[in-house]
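So the structure is just underneath, and the comments pick up after that.
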Amino acid sequence: MALVAGLVTVAAPGPVAAASLYAVPKYAAILINSDTGEVLYARQADAQRFPASITKVMTLYVAFQELKYGNIREGDSIRISSVAARQPPSKLGLKPGSTITVREAMGVIATRSANDIAVALAEHIAGSEAEFSARMTREARRLGMSRTTFANATGLPNGGHVTTARDIATLSRALIRDFPKRYPMFSQVAFEYEGQQIGNHNHLLRTLPGVDGIKTGFTNAAGFTLAASAAHDGVRLIAVVLGGPNRMMRDGNVSDLLDTGFSVLTRRSRGDYTTVAANFAEPDDLSDSIMDRLASEDPAAEGLVMGTQPRPMQRRN
1 MALVAGLVTV AAPGPVAAAS LYAVPKYAAI LINSDTGEVL YARQADAQRF
51 PASITKVMTL YVAFQELKYG NIREGDSIRI SSVAARQPPS KLGLKPGSTI
101 TVREAMGVIA TRSANDIAVA LAEHIAGSEA EFSARMTREA RRLGMSRTTF
151 ANATGLPNGG HVTTARDIAT LSRALIRDFP KRYPMFSQVA FEYEGQQIGN
201 HNHLLRTLPG VDGIKTGFTN AAGFTLAASA AHDGVRLIAV VLGGPNRMMR
251 DGNVSDLLDT GFSVLTRRSR GDYTTVAANF AEPDDLSDSI MDRLASEDPA
301 AEGLVMGTQP RPMQRRN
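Structure (structure tokens):
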């Protein structure tokens, strides 16, 4: 175990062939202050990774834009195409030719992460998933997500569908800022669809006070991914973890980052200078095998220990 002695900053690596990303250790993480944009912690934050269903944050961001512009309405009916119906799980399972409203579609995408409905919504807005994906990438560039390319609306495996932890934090912050009245859609523990309760895959909504969104994901290529936001005492933090080896460790890592982030900010307000990274005991190598071994040997190995550092001398201008 190595104790990181300051904020970790990672220079953006050069272009990496998408196929080679499968061989790169998957873990990446970042913690930011959503209000100020300050990066409180980062590890491999600019390394390209597969996002899995966190992708659908951008899918819904574009849908929210279309609602704002008046191009679609919540009550509009979306027809399920054969292409949409063929999508693999997670899915709602609607048959080709059936319909769902825009409002219902957004709800099941935010909670169940339904791939079939994400494709249907993309087709409804742009005519095809390919056109919608191009729109998603353009929006990513506009928001400053310079190392993200979207190839689909679902996050299903595609060698050209990549992002970074920093870019996902940027997207999460933008959605919360630009669509504050829509963001609570990600806070729903369950969404009712035709009398059924569609449960949210984000378990932190139930287990970690203050968490109110936003999106989970998983594929074999991506590992377990999660962008989560929490608010305490008027301060909002966003944590992103990509490439977790299992759901428990992913959720635990995000929980630890958020808890420690709030503790650090509280201590700073009292005059103690400290950083999240300075209090984060982590393995020298967070490869999947190391993380799995740590979890089996010591369930608390990923815990964070609070501490303080002397406040640095401030320059006077």
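According to full-length UniProt numbering, the sequence shown holds residues 1 to 317 in order. Glycine included, C-beta positions come from ideal geometry on N, C-alpha and C.
Comparing C-alpha positions only, which one of ASP178, GLY210, ARG103, ASN158 sits nearest to ARG236? In terms of Cα proximity to ARG236, the closest of ASP178, GLY210, ARG103, ASN158 is GLY210.
For THR59 and ASP178, the rounded distance between their alpha carbons: In this structure, the straight-line span from the alpha carbon of ASP178 to that of THR59 is close to 14 Å.
CA-CA distance, PHE218 and GLY244? Pairing PHE218 with GLY244, the inter-Cα distance amounts to about 9 Å.
Going along the chain, which residues of its own chain have a beta-carbon closer than 8 Å to the beta-carbon of VAL189, five neighbours each way excluded? GLY199, ASN200, LEU205, ARG206
Could you tell me the boundaries of the beta strand (DSSP E) in which GLU129 lies? Not the beta strand (DSSP E): GLU129 falls in the alpha helix (DSSP H), residues 129-143.
Is the Cβ-Cβ distance between SER81 and ALA120 less than 9 Å? yes
Per-residue burial, THR99 [other beta carbons within 10 Å of its own, 16 or more giving buried]: exposed
Residues bridged to ARG43 by DSSP? ALA29
Same chain only: Cβ atoms within 7 Å of ALA126, ignoring 5 sequence neighbours per side: Shown here for ALA126: same chain residues with a beta carbon closer than 7 Å to its own, the five before and five after excluded, namely PHE132, ARG135 in chain order.
Residues of its chain near ALA105, where Cβ-Cβ distance is below 7 Å and the 5 sequence neighbours each way are ignored: ILE78, ILE117, ALA120, LEU121
At which residues does the alpha helix (DSSP H) containing VAL264 begin and terminate? Looking at the DSSP string, the run of the alpha helix (DSSP H) that includes VAL264 is 247-269.
According to the neighbour-count rule (16 or more other Cβ atoms, all chains shown, within 10 Å of its Cβ), is ASN115 buried or exposed? Label assigned to ASN115: buried.
Is THR154 helix, strand or coil by DSSP? It is coil, neither helix nor strand.
Start and end of the beta strand (DSSP E) containing LYS215? 211-219
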